[in-house]
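Novice: Per numbering that gives the first Met the number 0, the very first residue in the sequence shown carries number 0; after that it's consecutive. Dropping the structure in here first, questions after.
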Amino acid sequence: MKDCIKLKKVEEIVLNLNEFLNQKPLFYNEIDYDRMPNCWNTIKNSFKMPKKIVHIIGTNGKGSTGRFLAHYLKNMGFNVGHYTSPHISKFNERIWINGKDVDDATLEKAHQFLQNTIPKKYLQTLSYFEYTTLLAMRCFGGLDYVILEAGLGGERDATSVFDRDITLVTTIDYDHQSFLGNSIKEIATTKLNSIQKKAIIGKQIHDEVYKLTDKYPFYLDYFDNYEIQDIRDFIKKNNFASYLVDNLALALAYIVEENLELNLKYLKGIKLFGRMQKLKENLYIDVGHNPLAARVIANEFKDKKIDLVYNTYNDKDYCEILKILKPIIDKLYIIDVRNERIAPKEDVIECAKKLDIDVEEFETIRDKTTLVFGSFSVIEEFLNLG
């Protein structure tokens, strides 16, 4: 009976947090760039901060780079937190501490602290992501390392209000143009302006980014050829997608920068959910959602034909994404997703037909290599179908 009462109490606590967050917009279309910094400056003396913060910015690869690094440091014996977004099945996935998603009771305790600490004017105006970022930092108090993954990324990102020791820069490409700029130079400049002290630059695909980052070390500079081959072999042995070689190398470059032991044994047990993840024979899921991710996927399945279960957010260039993926698509299935940000299904189907892609609404998967792709929400919806 006591256990039942305890479970009911935790369930009610989580609803309190969820109800509060559900009133919040994820981001604001009209951004108040001073709100989060001003709020943080008001409350930061109430926080116990982690010893070191590693900030990760870029367009793609932040989540896998962060998890590689967090897992490695945790296995070395450090107390480590990883802040990532968005989540797939449960909010707790965003805040990872020492190998586990944060528990409900810890979340509620942090939530109540924020409710009692943040001035009312900020409680009413902080966005979902801003409040969640503060929630995470409260949970991370006193840890040895925190791997902090930017949201939209850049100097105005909620994660940029904290003092950080180093910035890891993953591949920068087009995405979130309405917030970051319409050219690679504008997008890269906005993101790179968040670098506070020092940085390590990961693999890039645009010369403009290399020109803007030439004063910082490049991730491959930290390894000899034998070490790079060991990284490639690790990725292949663990059946990870080949593109993850660069993300792992960037994470390990920080290990070398910190003068810590470089030994792949510290990656034992690593799992990457939703990154070209093989769920079962011939079934893969990937949370990618932009042209850069599409190019990576097209390369992973080159010279093959697959079924693609797809949908995406309305602000994504889904026609360009489908154009990139067309060479590998045998049949396209559009899945219904209950999310107000999702593109109208009819528009995606019309785009596919213009590209001469065989398309229909999704009902069930065939006995054929299938990839579920398009966004975290698409993966969540597919998994909920059972």
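Where is the CB? At the ideal position from N, CA and C, for every residue including glycine.
Around the C-beta of Q228, are 16 or more other C-beta atoms found within 10 angstroms, so that it is buried, or is it exposed?
Specialist: Residue mapping note: residue 228 aligns to position 229 of the sequence shown, counting from 1. Q228 comes out exposed.
Novice: Run through the stretch 334 to 365 for me and flag every whole alpha helix (DSSP H) of 4 or more residues, listed as ranges in chain order.
Specialist: You should have 344 to 353.
Novice: Please report the straight-line C-alpha distance between V101 and V145, rounded to a whole angstrom.
Specialist: For this step, residue 101 is matched to residue 102 along the sequence shown. For this step, residue 145 is matched to residue 146 along the sequence shown. One C-alpha to the other measures close to 14 Å.
Novice: Excluding the 5 residues preceding and the 5 following A351 in the sequence, name in chain order all residues of the same chain whose CB lies nearer than 7 Å to its CB.
Specialist: Taking the sequence shown and counting its residues from 1, the one referred to as residue 351 is at position 352. L321, L331, V358.
Novice: Do the CB positions of I230 and V244 come within less than 8 Å of each other?
Specialist: Locating residue 230 in the sequence shown gives position 231, counting from the first residue. Locating residue 244 in the sequence shown gives position 245, counting from the first residue. Cβ atoms of I230 and V244: closer than 8 Å.
Novice: Kindly indicate which three-state DSSP category E257 falls into: helix, strand or coil?
Specialist: Here residue 257 refers to the residue found at position 258 of the sequence shown. In this structure, E257 counts as coil in the three-state DSSP scheme.
Novice: Excluding sequence positions up to five away, which residues of its chain have a Cβ less than 8 Å from the Cβ of I183?
Specialist: For the purposes of this step, residue 183 is taken as the residue at position 184 of the sequence shown. I171, D172, Y173, H205, E207, V208, listed in sequence order.
Novice: Taking A109 and C138 to be in contact with their CB atoms under 8 Å, please state how far apart those CB atoms are, rounded to whole angstroms.
Specialist: As a first step, residue 109 is located in the sequence shown; it is residue number 110 there, counting from the start. As a first step, residue 138 is located in the sequence shown; it is residue number 139 there, counting from the start. That pair is a contact at about 5 Å.
Novice: On a CA-only basis, which of K43, K210, P290, I199 is nearest E185? Give me that one, please.
Specialist: Translated into positions along the sequence shown, residue 185 becomes position 186. Checking every option, the nearest Cα to that of E185 belongs to K210.
Novice: Under the assumption that N246 contacts F67 (Cβ atoms under 8 Å), give the Cβ distance between them as a whole number of angstroms.
Specialist: Here residue 246 corresponds to residue number 247 of the sequence shown, with the count starting at 1. Here residue 67 corresponds to residue number 68 of the sequence shown, with the count starting at 1. With 8 Å as the limit, N246 and F67 qualify as a contact, their Cβ atoms being about 6 Å apart.
Novice: Where does G150 sit, in a helix, a strand or coil, going by DSSP?
Specialist: As a first step, residue 150 must be located in the sequence shown, where it is residue number 151. Reduced to three states, the DSSP call for G150 is coil.
Novice: Considering just the uninterrupted stretch of the alpha helix (DSSP H) at A157, what are its terminal residues?
Specialist: Counting from one through the sequence shown, the residue named residue 157 turns up at place 158. No alpha helix (DSSP H) contains A157, which DSSP labels as neither H nor E.
Novice: Could you tell me whether the Cβ atoms of D164 and N78 are closer together than 8 Å?
Specialist: Mapped onto the sequence shown, residue 164 falls at position 165. Mapped onto the sequence shown, residue 78 falls at position 79. Cβ atoms of D164 and N78: not closer than 8 Å.
Novice: I need the boundaries of the beta strand (DSSP E) containing G80, first residue and last residue.
Specialist: Here the question's residue 80 lines up with position 81 in the sequence shown. Unbroken beta strand (DSSP E) run through G80: 79 to 82.
Novice: Does the Cβ-Cβ distance between N310 and V255 come in under 8 Å?
Specialist: Here residue 310 is taken as the residue at index 311 of the sequence shown, counted from 1. Here residue 255 is taken as the residue at index 256 of the sequence shown, counted from 1. Contact: no.
Novice: In chain order, what residues of the same chain lie with their CB nearer than 8 Å to the CB of H86, ignoring the 5 residues before and after it?
Specialist: Here residue 86 refers to the residue found at position 87 of the sequence shown. The answer, listed in chain order, is E92, R93, F375.
Novice: In whole angstroms, what is the alpha-carbon distance linking I334 and F46?
Specialist: By 1-based counting over the sequence shown, the position of residue 334 is 335. By 1-based counting over the sequence shown, the position of residue 46 is 47. Computed Cα separation, rounded: 43 Å.
Novice: Between the Cα of L133 and the Cα atoms of R340, T83, K197, which residue gives the shortest distance?
Specialist: Working through the sequence shown from its first residue, we reach residue 133 at position 134. Ranking the options by Cα distance to L133, first place goes to T83.
Novice: Could you give the residue range of the alpha helix (DSSP H) that holds I117?
Specialist: Walking along the sequence shown from the start, residue 117 turns up at place 118. Here I117 belongs to no alpha helix (DSSP H), and DSSP marks it neither H nor E.
Novice: Here's the rule: buried if 16 or more other CB atoms are within 10 angstroms of the residue's CB, otherwise exposed. What is T64?
Specialist: Within the sequence shown, residue 64 is the residue found at index 65, counting from 1. That one is buried.
Novice: Return the residue from the list P343, K301, Y283 that minimises the CA-CA distance to R365.
Specialist: Taking the sequence shown and counting its residues from 1, the one referred to as residue 365 is at position 366. Checking every option, the nearest Cα to that of R365 belongs to Y283.
Novice: For P118, count the other beta carbons within 10 Å of its own beta carbon; 16 or more makes it buried, fewer makes it exposed. Which is it?
Specialist: Position 119 of the sequence shown, counted from the first residue, corresponds to residue 118. Exposed is the call here.
Novice: Mind checking whether D38 and Y127 have CB atoms under 8 Å apart?
Specialist: Taking the sequence shown and counting its residues from 1, one reaches residue 38 at position 39. Taking the sequence shown and counting its residues from 1, one reaches residue 127 at position 128. What sits at residue 38 in the sequence shown is Cys, not Asp. Contact: no.
Novice: Can you give me the C-alpha to C-alpha distance between Y312 and I199, rounded to a whole angstrom?
Specialist: Residue 312 sits at position 313 when you count from the first residue of the sequence shown. Residue 199 sits at position 200 when you count from the first residue of the sequence shown. Between Y312 and I199, the C-alpha separation is close to 31 Å.
Novice: Taking the Cβ atom as the reference point for each residue, do K325 and I305 lie within a distance shorter than 8 Å?
Specialist: The sequence position of residue 325 within the sequence shown is 326, counting from 1. The sequence position of residue 305 within the sequence shown is 306, counting from 1. Not closer than 8 Å, so no.
Novice: Would you mind working out which of E360, T166, V168, V371 sits nearest G287, comparing C-alpha positions?
Specialist: Residue mapping note: residue 287 aligns to position 288 of the sequence shown, counting from 1. Nearest of E360, T166, V168, V371 to G287, Cα basis: V371.
Novice: So, is Y221 buried or exposed, given that buried needs 16 or more other C-beta atoms within 10 angstroms?
Specialist: Taking the first residue of the sequence shown as 1, we reach residue 221 at position 222. Classification for Y221: buried.
Novice: Out of curiosity, what's the CA-to-CA distance linking A342 and N224?
Specialist: As a working mapping, residue 342 is identified with position 343 in the sequence shown. As a working mapping, residue 224 is identified with position 225 in the sequence shown. Rounded to the nearest angstrom, the two C-alpha atoms are 45 Å apart.
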